[in-house]
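This note's numbering numbers the first residue of the sequence shown as 270 and each following residue consecutively. Okay, structure first, notes after.
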Amino acid sequence: MQVDRDASGRFISGERELPERLLAQRITAAAGGFATLGVGENDAVAIHLRNDFAFFEASLGATALGAYAVPLNWHYQAEEAGYILNDCGAKALVVHADLLGRIAAGIPAGLPVLVVATSPEIAKAYGVDPALCRVPEGRHDWDAWLARQQPWSRSAKALRASMIYTSGTTGRPKGVRRLPPSPEMALAMARMVELVFDIRARGDLRTVITGPLYHSAPNVYGLYAARSGGLVVLQPRFEAEELLALIDRHRISHLHMVPTMFVRLLRLPDAVKRRYDLSSLRWVVHAAAPCPPEVKRRMIEWWGPVINEYYGATETGAVVFHDSREALRKPGTVGRALEGAQIRIHDDAGNLLGPGQVGEIFMRQSLYPDFTYHGLEAKRREVERDGLISVGDVGYVDQDGYLFLCDRARDMVISGGVNIYPAEIEACLLGLPGVRDCAVFGIPDEEFGEALCAHVDGDPALVTGEVVRGYLGQHLARYKVPKAVVFQSDLPREDSGKIFKRKLRDAYWQGAGRRI
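Next up, the structure:
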């Protein structure tokens with residue numbers, strides 16, 4: 270294997286390579302082009318792309334105008350994508366060619382659509398028919414469109430974070446719209462990025478983007494990495510041995526990961542693990558889901574004390590952090606409060622709890638600009654208590670100030686680092702003829718942490734497990750389709766008539782040694 274020691278700033282995906290200088294030119298062309306489409310300050314540009322150079326071009330082109338880049342989960346079906354396109358008021362949509370057909374019916378009439386040809390490495394990773402990878406006739410080709418644009422030459426506006434859509438108990442996604450930072454706050458955020466991601470404006474970063482850029486954490490990490498002047502390698506789809514090969518070949522120094530990736534890496538045969546030189550790794554940070562202490566211990570044993578973890582939310586940003594040494598000393602912790610962070614634990618009555626007492630976690634990161642839910646300001650107030658925000662997680666802070674997660678108050682499932690909200694799935698399933706009622710929740714899964722399970726009260730003459738999964742697969746992204754479907758006519762109920770989901774869920778988690 271030829272080792273890549275080139276220190277120049279560039280982007281690599283498969284056999285393609287893009288110098289940082291050329292990416293910068295394409296970003297200014299994208300900004301100029303978006304401006305001709307009527308995109309201005311505080312507007313939205315929707316991005317429906319897998320990990321590709323165009324994701325950076327479109328995102329940073331939008332932010333140069335003071336607009337919000339709005340990444341869409343590329344698993345979405347037409348109705349899911351259509352809801353977000355309408356809700357955010359997108360002024361333009363940038364989409365991969367092979368994804369266009371899936372969401373075409375949900376694209377608002379008159380919305381400018383710019384189509385990116387699906388690259389060979391992406392097509393190979395996802396088994397895409399080559400015929401679907403070409404830009405359809407009559408559509409605007411992203412590359413050709415960029416080539417015709419005048420570069421945006423005005424001063425860039427205050428950098429906006431991407432507007433990430435996160436679901437809730439209502440099942441409808443909410444856009445987390447963060448205010449632009451002041452110059453002082455931008456400097457504080459840069460310090461936070463250096464502390465949590467170890468990304469500095471120094472040009473010696475060498476990283477692989479392993480997670481989907483539509484997801485909040487990889488999005489933040491990826492966009493900062495793209496502006497670092499270092500080497501950014503895009504992995505179209507996470508594959509454990511391929512990542513080891515990329516680390517070895519490109520002398521990768523930094524990674525952002527989720528625990529499911531650790532599990533898959535640890536499952537590799539020892540002979541495969543020994544095949545690759547990983548000594549270049551200096552900083553590996555993970556988040557998005559609880560990491561079992563034994564998994565963390567084994568990764569530190571294999572990769573050395575380079576494993577770090579942070580915890581927060583799309584709404585709050587990073588609030589706690591810990592390194593390998595602390596992970597071994599405090600197994601199971603997600604970290605201690607970062608600079609600017611506040612954490613409080615409250616019981617159901619709103620009382621403040623002390624060390625070791627379990628309750629709902631409220632948190633704030635004062636170094637980040639405040640946020641609102643786009644078009645849903647009242648929802649923002651619902652999750653706040655005395656200036657701190659709750660995303661429904663339950664846990665405690667020990668006597669040394671370390672935060673531990675115990676459960677989730679609002680039924681959210683995290684499977685492979687992806688947030689899934691059962692209310693959306695339940696609402697969809699109730700539209701299937703023959704389904705009288707249902708409950709969807711997370712159950713233990715060795716690989717993904719949690720998997721979806723549906724308990725269904727239905728007419729056996731009309732509804733089977735295959736019918737349930739097929740119906741949901743037509744209306745929702747594949748990862749929202751339950752792995753297990755159980756038919757139960759006597760679903761346990763509270764006095765109010767609401768399904769007592771905790772009773773169903775607890776039967777699966779007994780003996781698992783954890784609740785999430």
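Positions of the beta carbon are idealized from the N, C-alpha and C atoms, including for glycine.
Opposite residue i in the DSSP bridges: which residues?
| i | result |
| --- | --- |
| C722 | F710, A753 |
| N577 | V554 |
| M632 | I612, I658 |
| A444 | According to the sequence displayed, residue 444 carries Gly and not Ala. Answer is Y434, bridged to G444. |
| M526 | H555 |
| T583 | None; T583 has no bridge partner. |
| S684 | V687 |
| V477 | V502, L524 |
| P288 | R279 |
| E653 | I658 |
| F590 | Y579, R605 |
Kindly list the residues whose CB is nearer than 7 Å to the CB of residue i, restricted to its own chain and excluding five residues on each side of it in sequence; keep chain order.
| i | result |
| --- | --- |
| V501 | F280, T476, I478, A494, A495 |
| R295 | E326, L415 |
| P389 | G283 |
| R613 | L621, F631, L657 |
| G491 | I478, L482 |
| G734 | V754 |
| R319 | W343, H365, I391, P505 |
| C402 | A366, D367, A386, T387, A392 |
Can the beta-carbon of residue i be found less than 9 Å from the beta-carbon of residue j?
| i | j | result |
| --- | --- | --- |
| P405 | A298 | no |
| R654 | H615 | yes |
| W552 | S522 | yes |
| S684 | G661 | no |
| H365 | V382 | no |
| M461 | L607 | yes |
| G664 | P528 | no |
| A336 | D312 | yes |
| E584 | V737 | no |
| I267 | V384 | Absent from the model: residue 267. The displayed extent of the chain is 270 to 785, so no value can be given. |
| K314 | A373 | The sequence given here has Val at residue 314, not Lys. No, Cβ-Cβ distance for V314 and A373 is not below 9 Å. |
If we ignore side chains and look at the alpha-carbon of each, how far apart do residue i and residue j end up?
| i | j | result |
| --- | --- | --- |
| F631 | K599 | 21 Å |
| R441 | E693 | 7 Å |
| D546 | I516 | 8 Å |
| V603 | L341 | 28 Å |
| R423 | P481 | 31 Å |
| R605 | A457 | 18 Å |
| P574 | S593 | 5 Å |
| L698 | V704 | 7 Å |
| T439 | T641 | Reliability of the predicted coordinates at T439 is poor, the pLDDT of 48 falling under 50, and no value is obtained from them. |
| I507 | A746 | First, the amino acid is wrong: residue 507 is Phe here, not Ile. The straight-line gap from Cα to Cα measures roughly 18 Å. |
| K426 | L334 | 6 Å |
| S451 | V652 | 25 Å |
| E646 | K443 | 11 Å |
| G609 | V588 | 8 Å |
| L464 | Q743 | 43 Å |
| L512 | L674 | 29 Å |
| N577 | S659 | 23 Å |
| G498 | K772 | 52 Å |
Give me the residue from the options with the minimum Cα distance to residue i.
| i | options | result |
| --- | --- | --- |
| I433 | L354, A647, I576 | L354 |
| G351 | T332, A336, G330, H317 | H317 |
| R774 | A708, G739, S758, V553 | A708 |
| D669 | Q418, S522, G623 | G623 |
| E286 | L503, S328, A413, F303 | L503 |
| R371 | Q346, A400, K360, A386 | Q346 |
| R417 | A455, L534, T305 | T305 |
| L672 | D726, L645, Q611, V725 | Q611 |
| M526 | D667, N488, S451 | N488 |
| G625 | V666, A470, V750 | V666 |
| F726 | D759, E716, R469, A359 | Residue identity differs from the one stated: residue 726 is Asp in this sequence, not Phe. For D726, the nearest C-alpha among the options comes from D759. |
| D714 | K772, W778, L550 | W778 |
| P538 | S277, E510, D367, A582 | E510 |
Please list, in chain order, all residues of the same chain as residue i whose beta carbon is under 6 Å from its beta carbon, the five residues on each side excluded.
| i | result |
| --- | --- |
| Y740 | L701 |
| S548 | none |
| P288 | R279 |
| R274 | none |
| G711 | V682, E719 |
| D639 | L448 |
| A486 | A556, A557 |
| G628 | I614, H615, D616, L622 |
| E695 | C707, V709 |
For residue i, I'd like the list of residues in its chain whose CB is within less than 8 Å of its CB, leaving aside the five on either flank, ordered along the chain.
| i | result |
| --- | --- |
| L292 | F280, F322, F325, E326, A495 |
| A753 | I712, A720, L721, C722, A723 |
| V564 | P528, F531, V532, L535 |
| P729 | F756 |
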